[in-house]
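Taking it in order: structure first as structure tokens, then the write-up.
In the working numbering, the protein residues as written are 464 to 1011.
Encoded structure:
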């Protein structure tokens, strides 16, 4: 039997506590807030038609709004620890998360997107995106206008990212699989804003990951720093002039935070820090450090050594003076996890000093073609086939295997854009994804069978019902209730027009517009996931009759 770890003892004896004693004068104040389990915190999706109901449900549980959250939607602290919801609350919380109406997310993890402040219509890059909570938060700011390219290096984590974005039901995402240090320069006109939520040692996550107490040592931050600098440097190269970059970690170690920021400022004089504190004014947080000791593996202080130049505080006055604009969130300040933020802006008149003469323009035939598994715009043949079944169709539809994906215009503009190789010497025509390795994009909307319409995806039912003319019927609200209660009525008893319908169909509530996908044969059957049924039953108060 596995022996239970005494985390209290491990924390008190940890190298991390020794390090914090060097970084702060009042380490015990931090320590007393770095051990207790985190509360459950959630972010409500403002794109959901049920936002008001979700917020009222949270209020009924005595949840508290997070006071410093100043983004779109709302964020809440629940009155129990992470993962400790019970009974019906547990069931409903899971269902609301699975259907994208809310997202369970650590409170401080919401900070980077608040600082990034994405705007509708913009091109956003999330360089280290999985599992996707920040990507979905960016998508909420975009409001299905613009695009967020979400990148993840590990293919196994890419799949999690895809699942989370489909759960969220947004059209503005493109999910790609690259090493962030070598992210392709696509589109060549760059990104308006880039988020670098960098890999780190996680020293701010002790309330969520108690094994950090026994696992961390100062060498961890030193070993991560080059990777962090390289990723941030790549972001600087591909952000637009005048664009914004947010660098964040869940680490407390200045080697992973201010030292990284200092090195990138040193290498890029066209880059400047802006105040993270001004962007999130109601959050109790500390300024970034501009001096710190380098620690040996036993947390003793190392004297200056030329082999550790990248780890010591900067000497340049312009960097020293700007580092306090970074934001340090200590556990005792946030009553949550520890976090670090730095917000950069690239000067509007920044120019690449290296200009190459174009040597060759590849023809469409010469240019490398996309892998057949990558999403492509639907063909005229597929569109005509779908229009026969659905009438009007939304624009910006893509085919990936047997699925039709629905995106924003900006996603197609990236696909259409021209690109280059060898620093601009070789020009490549657009209308392709390469060199982007696109795994998924947009919202899964329609399923095909043998190239023909089979059904509307349940997650897209309400959105796509507003675009199509056919395959939908407005019905009495009581019919929706009966189907959600498990009944399977005869089609003609619902509406005489349904007696001749077979296959997938959308039924729309005549009072509130609730849209449910069904399958019509001899009877009408729901085609919905259990989590969606659970939420709609709660919203419509189905199955809660009091016992006599």
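Glycine is no exception: its CB is placed at the ideal position from the N, C-alpha and C atoms. Values in this document were obtained by computation on a predicted structure and should not be read as measured data.
Taking a contact to mean a Cβ-Cβ separation below 8 Å, would you say residue 634 touches residue 911 in this structure?
Taking 8 Å as the cut-off, the beta carbon of residue 634 is found no closer than this to the beta carbon of residue 911.
Secondary structure at residue 493, three-state DSSP: helix, strand or coil?
Look at residue 493 here: in three-state DSSP terms it is helix.
By the DSSP assignment, the alpha helix (DSSP H) with residue 643 in it spans what residues?
For residue 643, no alpha helix (DSSP H) encloses it, and the DSSP letter there is neither H nor E.
Please list, in chain order, all residues of the same chain as residue 474 whose beta carbon is under 8 Å from its beta carbon, the five residues on each side excluded.
Take residue 474, set aside five residues on each side of it, and the residues of its chain with a beta-carbon closer than 8 Å to its own are 480, 494, 497, 498, 669, 673 and 676, in chain order.
In or out: residue 513 buried (at least 16 other Cβ within 10 Å) or exposed?
The residue in question, residue 513, is buried, as its Cβ has 16 or more Cβ neighbours within 10 Å.
Does the segment 891–901 touch the segment 925–933, meaning 3 or more C-beta pairs lie closer than 8 Å?
No, they do not touch.
Indicate the three-state DSSP secondary structure (helix, strand or coil) for residue 921 in the structure shown.
Reduced to three states, the DSSP call for residue 921 is helix.
Measuring only the C-alpha atoms, how far is residue 1005 from residue 536?
For residue 1005 and residue 536, the distance between alpha carbons rounds to 27 Å.
Separation of residue 845 from residue 856, as counted between CA atoms:
Straight-line Cα distance between these residues: approximately 11 Å.
So what does residue 841 bridge to, in DSSP terms?
By DSSP's assignment, residue 841 forms no beta bridge with any residue.
Give the straight-line distance between the Cα atoms of residue 894 and residue 637, rounded to the nearest whole angstrom.
Roughly 15 Å separates the two Cα atoms.
Specify, as a first and last residue, the run of the beta strand (DSSP E) that residue 795 falls within.
It is not in any beta strand (DSSP E) - residue 795 instead sits in the alpha helix (DSSP H) that spans 794–797.
Residues that residue 907 bridges to, as DSSP identifies them:
In the DSSP secondary-structure assignment, residue 907 is bridged to 868.
Residue burial classification, residue 547 (beta-carbon count within 10 angstroms, cutoff 16):
Looking at its Cβ environment, which holds fewer than 16 other Cβ atoms inside 10 Å, residue 547 is exposed.
Contact set for residue 948: own chain, Cβ-Cβ below 6 Å, skip 5 residues either direction:
The beta carbon of residue 948 is closer than 6 Å to those of 1005 in its chain, skipping five residues each way along the sequence.
Reducing DSSP to helix, strand and coil, say where residue 755 ends up.
Three-state DSSP puts residue 755 in coil, outside helix and strand.
8 Å Cβ cutoff met for residue 690 and residue 662
With contacts defined by Cβ atoms closer than 8 Å, residue 690 and residue 662 form a contacting pair.
Closest Cα partner of residue 999 within the set 517, 478, 486 and 471
Proximity to residue 999 across 517, 478, 486 and 471 peaks at 517, based on C-alpha coordinates.
As assigned by DSSP and simplified to three states, the class of residue 687
Residue 687: helix per DSSP, three-state reduction.
What is the rounded straight-line gap between the Cα of residue 940 and the Cα of residue 925?
C-alpha separation (whole angstroms): 15 Å.
Quick one: is residue 596 buried, meaning 16 or more other Cβ sit within 10 Å of its Cβ, or exposed?
Residue 596 is buried by the Cβ-count criterion.
What would DSSP say about residue 740, mapped onto helix, strand or coil?
In the structure shown, residue 740 falls within a helical segment according to DSSP collapsed to helix, strand and coil.
Do the CB positions of residue 706 and residue 654 come within less than 8 Å of each other?
For residue 706 and residue 654, yes; Cβs fall inside 8 Å.
Counting only runs that start and end within the segment 570–611, where is the beta strand (DSSP E) found for 3 or more residues in a row?
Whole beta strand (DSSP E) segments, 3+ residues: 586–589.
How is the alpha helix (DSSP H) around residue 775 delimited, first residue to last?
Where residue 775 is concerned, there is no enclosing alpha helix (DSSP H), given that its DSSP letter is neither H nor E.
Residues near residue 687 in its chain [Cβ-Cβ closer than 7 Å; skip 5 each side]:
Result list for residue 687: 662, 663, 664 and 719, in chain order.
Which listed residue (772, 778, 840 and 519) has its alpha carbon closest to that of residue 1002
For residue 1002, the closest of 772, 778, 840 and 519 by C-alpha to C-alpha distance is 519.
So, helix, strand or coil for residue 969, using DSSP?
Residue state, collapsed to three classes: strand.
Whose C-alpha, out of 927, 867 and 963, is nearest the C-alpha of residue 461?
Lying before the first or after the last residue shown, residue 461 is absent from the chain, which here runs from 464 to 1011.
Just the C-alpha distance for residue 837 and residue 482, rounded to the nearest angstrom, thanks.
Near 48 Å, if we compare the C-alpha coordinates of residue 482 and residue 837.
Per DSSP, cross-strand counterpart(s) of residue 963
Per DSSP, residue 963 has no beta bridge partner at all.
Per DSSP, cross-strand counterpart(s) of residue 636:
Residue pairing by DSSP places residue 636 opposite 611 in a beta bridge.
How far does the alpha helix (DSSP H) with residue 978 in it extend, from its first residue to its last?
Unbroken run through residue 978 is the beta strand (DSSP E), 978–983; no alpha helix (DSSP H).
Measure how close the beta-carbons of residue 695 and residue 710 come, nearest whole angstrom, since I'm counting them as under 8 Å.
So it is a contact: roughly 5 Å between Cβ atoms.
Need the endpoints of the beta strand (DSSP E) that residue 987 sits in, please.
Counting along the chain, residue 987 sits inside the beta strand (DSSP E) bounded by residues 987–989.
Less than 8 Å between the C-beta atoms of residue 545 and residue 487, yes or no?
For residue 545 and residue 487, no; Cβs fall outside 8 Å.
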